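Written out below as structure tokens is the structure these notes cover.
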Amino acid sequence: MSAQARQAGIRLGALNARERNVKYLMFACASLSVLAIMLIFLFILRESLPAIRQLGVRNLFLSADWSPNVSNPEAGSYGMLAFINGTIMTTLSAMLIGAPLGIGAAVFIDQFAPPSIAQVVRRGIELLAGIPSVIIGWFGLTLLVPFIARLTGSSGYGMLAASLVLVVMALPTITTLSAETLRSLPPELQEASVAMGATRWQTVYRVLIPAAREGLLIAVILGMGRAIGETMAVQMVIGNARQLTFSPLQRTSTLTSRIITDMGEATGVFRSALFAQALVLLILAMVLIVSIRLISRERKH
Amino acid sequence: MNDLTENKMEIKNLSMFYGDFKAIEDISLDIPSQRITALIGPSGCGKSTLVRCLNRMNDLIQGCRVEGEVILDAENMYTPGYDVIGLRRRVGMVFQRPNPFPKSIYENVAYGPRLLGIKDKQRLDGIVEDSLKKAALWDEVKANLQESGQNLSGGQQQRLCIARVIAVEPEVILFDEPCSAIDPVATQLIEDLMADLKKNFTMVIVTHNMQQAARVSDFTAFLLVQVQGDPGRLVEYGDTNTIFTNPSDERTERYITGRFG
Amino acid sequence: MSAGKDGRRSDRIAAGVFWVLGMATVALLLFIIVEILARGLLTALNPKFFLGKPEAMKAGGGILPMIVSTLYLVVLTIAISLPISIGAAIYMSEFARRGRVSGSIRFCLDSLSTLPSIVFGLFGMTLFVIYFRWGMCLLAGACTLAILNLPILLRGTEEAIRLVPNTYREASMSLGASKWTTIRKVVLPTAMPGIMTATILPIGRIMGESAAIIYTTGLFVRNIPLNPLDTAAPLAGYIWYAQSEALVNDYRRIVDGGAALLLIMVLAVYFLARYLGKRYQQK
């Protein structure tokens, strides 16, 4: 069949004018998400530009001196390094606990639990995901912080309390997605391993977890996304100090907690510096999204 | 072929592509008015594809392309700008699996007339009753027209679908293996129904069941894929009696006597 | 890879560990629920509290305007985002072809669902509150939450639409219905119960959301908001405000009661969703 003859054939499925208008309207609804992302970037960037311009990248992002001046914003210093450190430290330590816990719970649901109990755990995790973060924060503030204080003799506020709260916030994401990944593995994998005389545990750690590696990694990364963005619950337990610290028991701040602590009274370059923190959050989130894309592309190959 | 019957449709050198794959090639055959034409052949021979070309249902599949002509009442339905929606009202279709909407029996039948803008309750009532009677379903459902069409048995559902097609008063009804998902008794009912409907409609039936083709049809076309990967081609077309008793092509004879397919 | 004596023992230990991990999550959930309810339920169910007006500086305040704010915000957000989601879901499931365009829409939806809610809050504040000059109000909060919830609402809606069997579409088109008529008369009515079920999950999220609304909707009001352009104080944000400012000396009572009330609302929505989901599946 020659190319011309093919051209001569009638292409099917054309829409009439009214159908096309409807299609455009539906398309407009769908592209709202694209518009929203672009506007969010645009506005956050626009609002943080004054701080970047006036203070410079070094004083803004690489300095840990955050001494705002409320009445005369220009006179203050706005280095956010302590909060970047707080965000990264709390997120990583939350993952250190949350990833094994969440993946373990997922393995329990998928492999070890009898169906009725697996269902109970699944529903429980769903519900946990729905509990508002102010409630988790209030719970942490009134129970966890005094508990840590009694145990360690510190104030109780700090990155340890924040990380534990973040474990609760990120756990549902990690567990749900890990369980989904494990369930989507071909059953032959497990059958083959069991048929060779492997125990369940051997099957889990030699066959299932390696096979689900990318999916589990994505689950943990999305859990990190939750942890990085969590605001209220962290703000309630981290102590909201401005100091750069690596101690889990000293008061400090994360990017999110600092934004809501200060936004109420911030003007001028002070306010702009808070938006620059949001910009950092935005960039961190995009890094996570892009890395998920890369991992899932890898998985397809 | 019988010169006394008028042709309702004429298929001329029709080929059909799904993307780069050619499903049927260079098929020409005439569909006589108020007769039943059967399309038979082994699975994958393109008979369903062919019947779906006759009301342009293949338009719904992405990447489909057609060459050649299908003439309906002297007009080629593949002319650019042809009114496809109007075409589908004139050429109705009954599918392989009964597919009533999740609506009441009444609403299923009234769906088509409502599309045509008929709102008058009495007129709709009349159309619904009339169509259900023609589809030999009225007596079984007249007491519970408001019940969901999906609560009927498989055979009843298929007759409901036939009633739904009749309600838009088409000129041609296409049946795409209408009995493949229902039991023998219900199949018998539908075959009787088709014989009745011949008075008013031109019909085309795709079937993998040769006895069914022999029982219900007046004309039969046999399609075949010669080598796997080839498009389906028309092997033989003619009077059903001739095809089944004295086929002129050896391949037809082999298929009918059950030697392949 | 054969299970020897050691293998069998390690298997038993592993099983024990996984049981502990799995049950720990449930125990944690139960602990939180029981603790919050035990502390706040009595206050929450006291009509003086849930029907009372809040106090800015003195003890004994109630919380009615906050409850109304939350419910108002839910209705407004769904009213804005549901039509958009349905439209977008129709496009994605019925019109879009796999390709660049639908791929980039999906990428943006994924991104939206991963962005921190505080970023939405700041965005809503700059665009709706300041740039559009609406001031802090229900409408600004609802628009912000509509964007925040678009991915999850759209995903549920699209799933419901995709569950409509193709044979319905074919049947309708073969009767001479246009594509749009088919969508309107057959696809949407069939998908509607699923779409309704998909709407309930975001309702719980809207009720619990605080970071995105504290700078768009408001933190404290004394009167019940009526107009979408009125400042309001949804419960979740107010709980945070009350404990962080601690301006009234019975703030603990208010936060405990408010938290219990919010938890009851969220649980009610969750179980309603489960109930409707189950009924929908049975049909």
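Protein chains in written order, with this note's numbering: chain A, 146 to 446; chain B, 41 to 301; chain C, 300 to 582. Heads up, the beta-carbon is just placed ideally off N, CA and C, and yes, glycines get one too. Keep in mind the model is a prediction, meaning the values are calculated, not measured.
In three-state DSSP terms, what is residue i?
i: aspartate 216(B); result: strand
i: proline 364(C); result: helix
i: methionine 243(B); result: strand
i: leucine 246(A); result: helix
i: proline 72(B); result: strand
i: tryptophan 433(C); result: coil
i: aspartate 310(C); result: helix
i: alanine 153(A); result: Low per-residue confidence applies at alanine 153(A): pLDDT is 41, beneath 50, and the placement is therefore not dependable, though the value from the model is reported in the following sentence. Here alanine 153(A) sits in helix by DSSP.
i: glutamate 65(B); result: strand
i: valine 275(B); result: strand
i: arginine 105(B); result: strand
i: serine 147(A); result: At serine 147(A), the pLDDT of 36 sits below 50, so the modelled position is not reliable; the number obtained from the coordinates is stated separately. In the structure shown, serine 147(A) sits in coil (DSSP, three-state: anything other than H, G, I, E or B).
i: leucine 575(C); result: helix
i: glycine 321(C); result: helix
i: isoleucine 197(A); result: helix
i: lysine 484(C); result: helix
i: valine 333(C); result: helix
i: leucine 344(C); result: coil
i: valine 265(A); result: helix
i: threonine 318(A); result: helix
i: serine 55(B); result: strand
i: glutamate 50(B); result: strand
i: glycine 301(B); result: In this predicted model, glycine 301(B) has a pLDDT of only 45, less than 50, meaning its place in the structure is not dependable; the value taken from the coordinates is given anyway. Coil, per DSSP.
Given a cut-off of 7 Å on the beta-carbon distance, is the pair residue i and residue j in contact?
i: glycine 249(A); j: phenylalanine 317(C); result: yes
i: methionine 171(A); j: glycine 398(C); result: no
i: lysine 52(B); j: threonine 242(B); result: no
i: phenylalanine 228(A); j: serine 398(A); result: yes
i: methionine 304(A); j: proline 213(A); result: no
i: arginine 129(B); j: valine 208(B); result: yes
i: leucine 452(C); j: serine 509(C); result: no
i: valine 310(A); j: glycine 269(A); result: no
i: glycine 423(C); j: threonine 530(C); result: no
i: threonine 489(C); j: proline 142(B); result: yes
i: glutamine 380(A); j: isoleucine 405(A); result: yes
i: threonine 320(A); j: alanine 274(A); result: no
i: isoleucine 111(B); j: glutamate 50(B); result: yes
i: alanine 584(C); j: leucine 375(C); result: The first residue shown for chain C is 300 and the last is 582, placing residue 584(C) beyond what the model contains.
i: arginine 273(B); j: glutamate 65(B); result: yes
Pick from the options: whose alpha carbon is nearest that of residue i?
i: aspartate 99(B); options: Arg552(C), Tyr550(C), Ser473(C), Gly503(C); result: Ser473(C)
i: isoleucine 242(A); options: Leu190(A), Gly201(A), Val313(A); result: Val313(A)
i: proline 140(B); options: Arg130(B), Cys93(B), Gln186(B), Gln197(B); result: Gln197(B)
i: cysteine 85(B); options: Ile101(B), Leu94(B), Ile67(B), Thr77(B); result: Ile67(B)
i: glycine 152(B); options: Tyr118(B), Arg255(B), Val131(B); result: Val131(B)
i: leucine 200(B); options: Asp270(B), Arg163(B), Glu169(B); result: Glu169(B)
i: lysine 168(A); options: Ile389(C), Cys407(C), Thr376(C), Asn465(C); result: Ile389(C)
i: glutamine 228(B); options: Ala207(B), Thr247(B), Gln252(B); result: Gln252(B)
i: methionine 366(C); options: Ala313(C), Ile377(C), Pro353(C); result: Note that residue 366(C) is isoleucine in the sequence shown here, rather than methionine. Checking every option, the nearest Cα to that of isoleucine 366(C) belongs to Pro353(C).
i: leucine 327(C); options: Glu325(A), Arg396(A), Leu246(A); result: Leu246(A)
i: glycine 315(C); options: Gly374(A), Phe253(A), Arg371(A); result: Phe253(A)
i: tyrosine 302(A); options: Val279(A), Ala378(A), Leu200(A), Leu207(A); result: Ala378(A)
i: asparagine 217(A); options: Met183(A), Ile437(A), Leu429(A), Glu410(A); result: Glu410(A)
i: alanine 364(A); options: Ser436(A), Gly342(A), Leu334(A); result: Ser436(A)
i: valine 463(C); options: Ser392(C), Tyr569(C), Leu336(C), Tyr550(C); result: Ser392(C)
i: serine 410(C); options: Pro450(C), Glu458(C), Tyr371(C); result: Pro450(C)
i: arginine 154(B); options: Gly455(C), Gly475(C), Ser403(C); result: Gly475(C)
i: threonine 413(C); options: Asp407(A), Ser178(A), Ala173(A); result: Ser178(A)
i: valine 231(A); options: Arg396(A), Arg444(A), Ile280(A); result: As written in the sequence, residue 231(A) is glycine, which differs from the valine given in the question. Among Arg396(A), Arg444(A), Ile280(A), the Cα nearest to that of glycine 231(A) is on Arg396(A).
i: cysteine 174(A); options: Phe394(C), Phe427(C), Leu561(C); result: Phe394(C)
i: asparagine 281(B); options: Thr77(B), Asp70(B), Phe57(B); result: Thr77(B)
i: serine 380(C); options: Cys436(C), Leu447(C), Phe419(C), Met506(C); result: Leu447(C)
i: asparagine 345(C); options: Gly361(C), Phe406(C), Ala337(C); result: Gly361(C)
Assuming residue i and residue j are in contact, meaning their beta carbons sit under 8 Å apart, how far apart are those beta carbons, in whole angstroms?
i: valine 352(A); j: alanine 196(A); result: Contact doesn't hold; Cβ gap of about 52 Å is too wide.
i: isoleucine 538(C); j: leucine 363(C); result: Not a contact, Cβ separation roughly 15 Å.
i: isoleucine 494(C); j: leucine 575(C); result: Isoleucine 494(C) to leucine 575(C), Cβ: 11 Å. No contact.
i: alanine 114(B); j: proline 271(B); result: 28 Å between Cβ atoms; not a contact.
i: alanine 306(A); j: leucine 288(A); result: About 10 Å separates the two Cβ atoms, so there is no contact after all.
Hey, which unbroken runs of the alpha helix (DSSP H) at 4 residues or more fall wholly within the stretch 376-426 of chain A?
377-382, 400-407
Quick check on the DSSP output: what are the complete beta strand (DSSP E) runs of length 3 or more inside the stretch 101-174 of chain B, in order along the chain?
Those beta strand (DSSP E) runs which fall completely within the stretch 101-174 of chain B and span 3+ residues are 104-112, 131-134.
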